[in-house]
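Read through the structure below, which is laid out as structure tokens, and then see the notes.
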Amino acid sequence: MTALAIRPPDSSLSSARKAAILCLSLGEEAATELFKHLDEEEVQILSKELALLPDVKSHVSDNVVEEFHQLLTARNYVTMGGVDYAKRLLLRSFGPEQAKRLTDKVMLSLETPASFETLQKTDPQQLAKLFQSEHPQTIAVVLAHLDTATASTVLQQLPESMRGDIVLRLAALQTVSQDVVKRIAHVLNQKLSAVSGMGRSNVGGVRAVADICNRLDRETMRLMLEQIEGGNPELSLEIRNLMVTFEDILLIDDVGIREIMQRVDKKVLALALKGTVEELQNRFFSNMSSRAVEMMKEEMDFMGQVKLKDVTGAQREIVEVMRLLDEQGVISLGGGGGADEYVS
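Every number in the working numbering is 309 more than the matching position in the sequence shown, counting from 1.
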């Protein structure tokens, strides 16, 4: 069978631009169906490209559709009969150069996620430390195979002097030999396994951040957590799970509340409850006698206007007691109350 005369793909077009041109060529109905299979970030990127897309000449559109057809054909060959089967059919259909390019590209999309699974799960800060001794081209290849959130976090952790070179190489990166990709993943995975504490299971740093957050005023804490969440939602959630806040009072049972009240000065408690929501106040009031509640409310009224930082300070003092009791097993911040169960 004679190899088909096919133009090489247009390297001047980005992958996103090609995807936009393909959507335009497929028509509205098919493009709508395609969008249903994309994640939110991909939809945003593709929508932006479609909005900015200039008039596309027919030969450019034809080439993009043809390239997509080639890749789809190559992928089908690989999944049906394996790499060797695909190579034989692609060689007969497209010639040696195009067959190799298509096979490499398809294999890259099919196999590299497993090769980089360990790296994907590794803490980005630790990856950045590992990468500082690697060649920029190696780093660019790895970042291309990590999800965008992880890749961006790793890039931010790298020295500023390295970032420009890596970004340029990443932008220029197209097809990489599957063997090269596998070798890079293998070597880096070996280096990771040789260094203790490189995985995500090390939560010492996260614990430290959670402790710092507990000592900040509420607004600063909120802004800090929002900033972290914007760059790394998983990390933000992990920090929140390790944190203790004054609002966690709602998670503690009556026995635990009474344990806290025994260890907190009444004036500190009155100041901490000043201006808080009724639900929080009632968690304490419901564990006090009517006379004690009356005296507490009088104390709060007598204070008049108080500085927000003083209220926050009093709440932090109670949070410290909560954290200590939780660590001792006297109370449980997981909603289970005290360490002991009681029956009447």
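Backbone N, C-alpha and C fix where the C-beta goes; we use that ideal spot for every residue, glycine too.
Quick check: does the Cβ of residue i come within less than 6 Å of any heavy atom belonging to the ligand ZN?
i	result
Val573	Of ligands this structure carries none, so the ligand ZN is not represented either.
Would you mind working out which of the options sits nearest residue i, comparing C-alpha positions?
i	options	result
Glu588	Arg492, Leu560, Arg600 and Asp432	Leu560
Glu528	Met605, Leu617 and Ile475	Leu617
Leu333	Ile354, Val365 and Gln379	Val365
Glu636	Val553, Ser599 and Gln624	Val553
Val564	Lys491, Ser641, Leu534 and Gly539	Ser641
Val490	Leu546, Met570, Phe425 and Val620	Phe425
Met612	Val630, Arg600, Gly584 and Glu629	Gly584
Ile566	Leu362, Leu634 and Gly540	Leu634
Gln571	Met631, Glu607, Ile330 and Gln446	Met631
Gln624	Val496, Arg472 and Asp557	Asp557
Asn596	Asp562, Lys576, Gln614 and Lys606	Asp562
Phe555	Leu532, Phe593 and Ile493	Phe593
Ala360	Gly473, Ala329, Leu322 and Glu608	Ala329
Gly473	Val602, Gln446 and His495	Gln446
Leu381	Pro405, Glu337 and Leu331	Leu331
Near residue i, which residues of its chain fall below 6 Å by C-beta distance, leaving aside the five closest residues on each side in sequence?
i	result
Leu582	Gln590
Lys327	Val373
Glu538	Ser545
Val463	Pro433, Leu436 and Ala437
Ile627	Val573 and Ala581
Gly506	Interpretation of Gly506 is limited by its pLDDT of 42, a score under 50 that renders its predicted location unreliable; the figure taken from the coordinates is listed afterwards. So no residue of the chain qualifies.
Leu455	Gln429
Ala325	Ile354 and Glu358
Met655	With the chain covering 310 to 653 only, the question about residue 655 has no answer from this structure.
Leu362	Ala329
Leu615	Note that residue 615 corresponds to Val in the displayed sequence, not to Leu. Result list for Val615: Lys583, in chain order.
So, at 7 Å on beta carbons, what are the nonlocal neighbours of residue i in its own chain, with the 5 sequence-adjacent residues on each side left out?
i	result
Phe344	Val352
Thr459	Gln429 and Pro433
Thr427	Asn498 and Leu501
Output needed for residue i: all residues of its chain with C-beta closer than 8 Å, excluding positions within five of it in sequence on either side, in chain order.
i	result
Leu347	Leu355
Asn541	Pro433, Ala458 and Thr462
Gln441	Leu467, Pro468 and Met471
Glu568	Leu634, Val639, Ile640 and Gly647
Leu534	Cys522, Ser545, Ile548 and Arg549
When DSSP labels each residue in this structure, what does residue i get in the three-state scheme?
i	result
Pro468	coil
Ile627	helix
Ile537	helix
Gly473	helix
Gly638	coil
Leu261	Outside the shown range of the chain, which is 310 to 653, sits residue 261, and nothing can be said about it.
Problem set entry | Minimum length 4: unbroken alpha helix (DSSP H) runs contained in the region 545-616 | 563-571, 575-582, 587-594 and 599-612
Problem set entry | Contact the region 441-456 vs the region 475-484: 3+ CB pairs below 8 Å | yes
For this session: Give, in chain order, every unbroken run of the alpha helix (DSSP H) that is at least 4 residues long and sits entirely within the region 317-388.
Result: 324-335, 337-344 and 349-361
Problem set entry | the region 566-583 / the region 608-623 touching (three or more Cβ pairs under 8 Å) | yes
For this session: Write down every uninterrupted run of the alpha helix (DSSP H) in the region 431-461 whose length is 4 residues or greater and which is fully enclosed by it, in chain order.
Result: 433-440 and 445-453
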